[in-house]
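Asker: Got a structure for you, questions after.
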Amino acid sequence: MRANPSPRPSAGPPRHLFDFEGCWRFRRKILDRTLGQLSQGQGSVNLVRDGERLIYDEEITLSLPGQKPITGTRRYLWTAHPRGVEIFFDDGRPFHLMDLSEPQPSDLHDCAPDRYQVIYDLADWPVWGAVWEVRGPRKDYRMDTLFVRAKGSE
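All you need for the numbering used here is the position in the sequence shown, starting with 1, plus 192.
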């Protein structure tokens with residue numbers, strides 16, 4: 193799932209929290225292995241500076257097999273970390289770390305009894321992706337998301 197990036201010149205991979213600031217478009221695929229179904233969605237993410245952090249606001253329209261499309265929102269708090277970006281849930285609970293010293297940073301979030309593992313792909317910056325593998329007694333899915341900077345948000 194690759195897209196053409198906006199004409200923003202690439203200065204190499206992101207090095208700091210604020211390299212993500214701005215508006216991004218995204219496409220998402222969710223393979224639910226329990227149900228044997230593939231859902232697809234698209235949306236936008238605004239990463240807005242709030243003091244020394246970014247607020248990540250996501251809006252998505254998701255198409256599920258056999259159903260009308262649904263819309264959803266999600267918010268995270270992103271803060272600078274010595275190795276990159278630390279991501280928190282909107283209520284301040286820690287979520288995971290994106291280590292910007294790696295071209296494909298990965299991390300694990302244990303939410304017993306489920307495990308959420310992410311691998312980011314920053315090699316084609318400013319096009320970037322995230323793959324989440326989620327496993328647990330009631331969950332078994334893979335979520336692939338590809339982000340492209342929105343035009344005018346360079």
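Quick reminder that beta carbons are idealized off the backbone N, C-alpha and C, glycines included.
Under the three-state reduction of DSSP, which class applies to Pro-318: helix, strand or coil?
Answerer: Your numbering for residue 318 matches position 126 in the sequence shown. Collapsing the DSSP output to three states places Pro-318 in coil.
Asker: Please report the distance separating the alpha-carbon of Arg-241 from that of Cys-215.
Answerer: By one-based count along the sequence shown, residue 241 stands at place 49. By one-based count along the sequence shown, residue 215 stands at place 23. If I take the Cα positions, the gap works out to 11 Å.
Asker: Let me make sure I understand the geometry here. Which of Trp-317, Arg-285 and Arg-307 has the alpha-carbon closest to that of Leu-292?
Answerer: Walking along the sequence shown from the start, residue 292 turns up at place 100. Per the Cα distances, Trp-317.
Asker: Select from Ser-345, Leu-314, Pro-329 and Gln-309 the residue whose C-alpha is nearest the C-alpha of Leu-338.
Answerer: Translated into the one-based positions of the sequence shown, residue 338 becomes position 146. Ranking the options by Cα distance to Leu-338, first place goes to Leu-314.
Asker: If you reduce the DSSP assignment to three classes, tell me which class Asp-283 lands in.
Answerer: Numbered from its first residue, the sequence shown carries residue 283 at position 91. Looking at Asp-283 - three-state DSSP - the assignment turns out to be coil, as it is neither helix nor strand.
Asker: Taking all protein chains shown into account, do 16 or more other C-beta atoms lie within 10 angstroms of the C-beta of His-208, making it buried, or fewer, making it exposed?
Answerer: Locating residue 208 in the sequence shown gives position 16, where the first residue counts as 1. With fewer than 16 other Cβ atoms within 10 Å, it is exposed.
Asker: For Val-326, which residues in the same chain have their Cβ closer than 6 Å to its Cβ, ignoring the five residues on either side in sequence?
Answerer: Sequence index remark: in the sequence shown, residue 326 carries index 134 (1-based). Cβ within range, chain order: Tyr-308 and Tyr-333.
Asker: Can you tell me whether Arg-285 is buried or exposed, with buried defined as 16 or more other CB within 10 angstroms of its CB?
Answerer: Along the sequence shown, read from residue 1 onward, the residue named residue 285 stands at position 93. Exposed, by the Cβ-count rule.
Asker: Could you pull the start and end residues of the beta strand (DSSP E) that Gln-229 belongs to?
Answerer: As a working mapping, residue 229 is identified with position 37 in the sequence shown. Where Gln-229 is concerned, the enclosing beta strand (DSSP E) stretches over 229 to 242.
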